[in-house]
Every structure is written in C-alpha cells, then in structure tokens.
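So the structure is just underneath, and the comments pick up after that.
In structure tokens form, the structure reads like this:
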C-alpha cells in the first residue's frame, strides 16, 4: 500500500509537469534560442522524443538513484539543493511537533480531567487559536516577540545549535499554533468520554487511586483518538511549513518550493514535491504502526476507526 | 407507480421529509454562538457581494506620499505600503477571499458526495476501486497540491482552488460514504426499491436529501479550511495576484510594515480571516452535532 501510494504519487507529480503548457526545450534553455545541435543533445539527454511512459520510466529510475535532475535557475543538482535545505524543514517540523505533543495533549488532558473554569477557558482559547492560520500567527509573533519585546530574532536561520533554537522558536510556535489547539480539543473530548464510561466509574467505586485510574483506565483508552489527531495534524505541518518558512525567511524546502513554483523551475518543484509527499506518507505509516502498538486488536495494515 | 402507493409507502416508513433542513429553525437551535457566527458570515458575504461598491475610496489607487500613514479622519484603518486606503481594500478583498473557498466547497462536496453515494450504492468492486483511489489521494496535502498546480498552470486563484478541491474530496467522500452505507440499509430504501423506483431516483430524491444536514455541516467546516489554505497560497504569492485586493495578499504585501512599526494593515487583514474562519468553525461544529443527533 505504501509503495503503491508513493508510485502513484510520483506518477501524478511527473505527469503534472509533463502536461505543463509550454515547450520543454525552451523551459530548459530558459527561453533562449538554441542551435539545432544543442536542441538535439537536450532531446537525447532528457529522452524528449520518446513516449510519455518511457520518459516516466527513465525519470523514476533516476529518482531511485537519487538523481532528481538539474535546477534551471541555479544550474545545480536538485538533490544537492534539497539536501542543503532539508534539515531546516525537518528541524522546524520536529520542533513544532514537540510543542503540539507536549502542550496540545497536556492542555487537553488537564481540561478533560478538570471540568470548570479551566476547562471552559481552554475551550474558548482553543476555538480561537484553531482558526488562526500559520502566517497570521507568524506576523503577530514577530510583532510581539521580535519588534516589541526583542526576545527572538524575526527573520532567517541561525548559525549554531543555540542560535538555531532561537531562530526556530517563533516559526515553530507559528507552525504549531492552530494544530496544537485542535489536538487539545480532541484530547479533551476523548478524555471526557473515557471518564464517563462504565468501567471507569466501576474503578472509581472500587477505590482505585486517581493516578492509576487516569493512567491505566482513561489514558490507555483515549490514546487511540489522540494518536489519530496528532498524526493527522503533524503530517499536515510538512506542507504548511512552506508558509512559515516564507514568513520568517527561513532557508527550507517549502520556501524553496514556492520560489521554484514562481520561477517555473519544474525539476525543483518535482523533486521537493516528491520528498514532501514521501515524508507525509511515512508519518502516516508511523501512525499506523503506533496503532498496532497501542491497541492489540489492530493488526498492521488496517486502520483503527 | 400510482400516487396512492407512494403515499402509503411514505406513511409506512418514517417520513424522510421530517429530517430535511429547515434553515431558520435549524439555525436557532445552534445557540447564541451559532447565531453570532451566522451573523459574522452574513456580514462577510455582504462585503463579498457589495464590497467594491461600498468601499469609500478606490482600493487600488496608490498614493506613495500617504504610505504607512495611520488612521486619520475618514480613513478608519489608515493606509498601506503604497498609500491605499486599508478599509477600502479589506472590503474589496472580501470578494476573492470568500469566492475561492466557496468554489472549493462546492466542487469538493459535489464530487465527494457523488463518489460516496455511488460507492455505497454499488458496493463490491466499485466501492473497492473508489475507496483505494481516495486513499492514494490522501497522500497529497492540500497546500502541496495547490503549489504544484500553480507551478504547472501558472499562479492564480483558479488553479489553486481546483487543486484544493481535489485534495479535500477524499475527506468529504470518506465521511459521506460511511453515512450513505448506513442509510442504504434503512427500510425506506428497501421499500422504494420494492416499488420499482430506479436507483438514480432513490439517490437523488431520498438518499441525498436525507444526508443533506451532514453535507451542509461538513461544507461549513470545510469552508474554514479552504479559506485558510487559499489565503496561505495568496500569501505565498501563488494565488490572487496584486494589485488585486485579497486578505492573504494584503498580509504578504504589508508584512514589512510589521518590522517597521506599522502593523495595522497586515493585522487587520489577518483579523478578517481569523474572524470568518472562527465563525465557520463554530457554526460547522454546531451543525455537525445537530446532524448527528438527528441521524440517531
């Protein structure tokens, strides 16, 4: 299933670019007129005269060997360009995921276990922050924490680990902002539902201590929906990272994808799309593995409902 | 089929018409939060239709000597980086900001509902093919597909909206397929089949109307998602192209003002997006709860 998804995704990415209006030769030459001999060399190198499926086959073979073609604007290997930027995006997404897992699930558990003022205020705050797009969160964070308070740098990457953490803190918060609220809300609801179940009430009447009750009877059962929503939201960060990287001028894959899309550097667009789709599919696979670990009734390959 | 037979059939099974949407009563049942949300949506819709006519100044007329000037008499929100009236641009920008998500919702809901009903009705091989096709579409995050589409077909709202519709469709279809499968086993469907109604008539006249509350609820929530994603595409410079007014474009073109101490133009556009998205989320959640309660 994983391999099939990736194969078809790669086909869609290749076909989209193949169908792009315009002549591939002029795209490769950047619009300059070329002598007939150079055109012939280009046609041969990119197999332009062969049928569509054969071209896809050559392209796929190159991709599997790590050869993603050459960027027409930077005249460099797309694989090299991607490997220079992949850690910015990976670091940003990991940082944001950590925030979501710690604060999103934490807030949800506290709100779910303690009905009352704390719960109501969490509901209101998350209803608002769930609707804040990453780029709006970005400008507000820059305004408050960079311009007004001066705590964090507003733009760009850092140079070493400590300055990287400083440079990535605001972007990671912006990226996590709405997803964190969604995870908190779903966690709260599933904790509340589990607490109302009969076996939990029975455990309460048997006098089982609260700590054990929460860990064994409530959290274990609520873990499935919490894993689902965390997986979905964290996977979605991979694409939204493009927006945050652009807003904070970070040198990541997403921001580069957007630049390449603007300048019609299609080899780069293909390469980055492929990397991001693969990452997206892998995160989803990880969630499936987690299901099987959390719930013995789930066998790998079937999705928990 | 005679009219008499139809009447007995409706009397024998629970009358489906009772479960249809009645907009005003339904809205009142969503509570104060639901009604406030509906009001916000109504204002945004009004601005989307009449915004360009209501705008007190020309939203596209630059005047560089007024760039970044704050609120002064008659100019509620001041001027943007090119000295254009921010309030007028917000009103004019409502159109592209609301129209894009509307197109995405209509396209993805129509295609998703069609596939879901077809899969649930035929079951078997058709269902298996549609379901696995949708599973593969899940591999493409919406924003990524939209960026890919604008790279290939050129920047613009149309390519982005079509790409997002395709990316959202599997989410719609998955939920609706489950509901359609459950509805398919209801006695009234069997009764209609026994009477010799064709599959198309049953689906169009009975099955889909019964799923309508859920379709409306899901479309409402999806409008919020689509607004965020399309505004993000415009923010990235791949959607609506400046100088055309749009809330996402306004944030990106006035982002430098944040660093220079003139945050109002970008912030006010951000606030418009957030307010409308909260309204759609809250109303959608209420409608969803209502649809589920009615379905039980």
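Protein chains in written order, with our numbering: chain A, 1 to 305; chain B, 306 to 601.
Cβ coordinates follow ideal geometry from the N, Cα and C atoms, glycine included.
| Query | Result |
| --- | --- |
| Does any residue of chain C bring its CB to less than 9 Å from the CB of residue 184 of chain A? | Of the protein chains in the structure, A and B, none is chain C. |
| Is residue 390 of chain B helix, strand or coil when you go by DSSP? | strand |
| Give me the residue from A/293, A/295, A/288 and A/272 with the minimum Cα distance to residue 85 of chain A. | A/272 |
| When the distance is taken between beta carbons, is residue 425 of chain B closer than 9 Å to residue 489 of chain B? | yes |
| Would you kindly report the start and end of the unbroken alpha helix (DSSP H) that includes residue 370 of chain B? | Premise fails: residue 370 of chain B is in no alpha helix (DSSP H) and is neither H nor E. |
| Between residue 471 of chain B and residue 244 of chain A, what straight-line distance do the alpha-carbon atoms span, to the nearest angstrom? | 24 Å |
| Quick one: is residue 413 of chain B buried, meaning 16 or more other Cβ sit within 10 Å of its Cβ, or exposed? | buried |
| How would you list, in chain order, the residues of chain A whose beta-carbon sits under 8 Å from the beta-carbon of residue 556 of chain B? | 135, 136 and 139 |
| Note down, in chain order, each residue of its chain lying with its Cβ closer than 7 Å to the Cβ of residue 265 of chain A, except the 5 sequence neighbours on either side. | 71, 72 and 73 |
| Among the residues of its own chain, which have a CB less than 6 Å from the CB of residue 185 of chain A, if the five just before and after it don't count? | 126 |
| Measure the beta-carbon distance from residue 386 of chain B to residue 558 of chain B and round it to whole angstroms, keeping in mind my assumption that it falls under 8 Å. | 6 Å |
| Against chain A, which members of the segment 378-392 of chain B pass a CB distance test of less than 8 Å? | none |
| Counting only Cβ-Cβ distances shorter than 8 Å, please list the residues of the segment 523-543 of chain B near chain A, keeping chain order. | 529, 533, 536, 537, 540, 541, 542 and 543 |
| Are the C-beta of residue 347 of chain B and some C-beta of chain A separated by less than 9 Å? | no |
| Taking 9 Å as the cut-off, decide whether the C-beta atoms of residue 554 of chain B and residue 562 of chain B are in contact. | no |
| Please tell me whether residue 505 of chain B has its Cβ less than 9 Å away from any Cβ of chain A. | no |
| Keeping to the same chain, check which residues put their C-beta closer than 8 Å to that of residue 154 of chain A; ignore five residues upstream and five downstream. | 142, 146, 147, 170 and 248 |
| Residue 406 of chain B and residue 239 of chain A look like a contact to me (Cβ under 8 Å); what is the Cβ gap, rounded to whole Å? | In fact, because the Cβ distance is near 18 Å, the residues do not count as touching under 8 Å. |
| Pick out the complete alpha helix (DSSP H) segments inside the segment 226-295 of chain A, 4 residues or longer, and give them in chain order. | 253-262 and 266-294 |
| Based on Cα-Cα distance, which residue from A/93, A/46, A/107 and A/56 lies nearest to residue 236 of chain A? | A/93 |
| Look at the alpha carbon of residue 397 of chain B and the alpha carbon of residue 388 of chain B, and state the distance between them as a whole number of angstroms. | 16 Å |
| Using the DSSP secondary-structure output, state which residues sit across from residue 384 of chain B in a beta bridge. | B/390 |
| Could you check how far apart the C-beta atoms of residue 112 of chain A and residue 187 of chain A are, in whole angstroms? I think they sit under 8 Å. | 6 Å |
| Where residue 540 of chain B and residue 394 of chain B are concerned, what is the direct C-alpha to C-alpha distance, given to the nearest angstrom? | 15 Å |
| Counting Cβ pairs, one atom from each stretch, are 3 or more of them under 8 Å apart for the segment 5-17 of chain A and the segment 48-60 of chain A? | yes |
| Taking only beta carbons into account, state which residues of the segment 574-591 of chain B come closer than 7 Å to chain A, listed in chain order. | 575, 578, 579, 582, 583, 586 and 587 |
| Examine chain B for any beta-carbon lying closer than 9 Å to the beta-carbon of residue 35 of chain A, and answer yes or no. | no |
| Below 8 Å on the Cβ atoms is my guess for residue 422 of chain B versus residue 513 of chain B; work out the distance and round it to an integer in Å. | 6 Å |
| From A/262, A/163, A/134 and A/66, pick the residue whose C-alpha is nearest to that of residue 83 of chain A; which is it? | A/66 |
| Are the beta-carbon atoms belonging to residue 110 of chain A and residue 118 of chain A less than 9 Å from one another? | yes |
| If you count every other CB in all the chains shown that lies within 10 Å of the CB of residue 194 of chain A, and 16 or more means buried, which is it? | buried |
| Short of 8 Å Cβ to Cβ, which residues in the segment 557-569 of chain B face chain A? | 557, 560, 563, 564, 566 and 568 |
| Candidates A/270, A/268, A/252 and A/76: which alpha carbon is nearest residue 158 of chain A's? | A/252 |
| When you compare each of A/36, A/274, A/46 and A/282 to residue 308 of chain A by their alpha carbons, which one comes out closest? | This structure cannot settle anything about residue 308 of chain A, because the visible part of chain A is limited to 1 through 305. |
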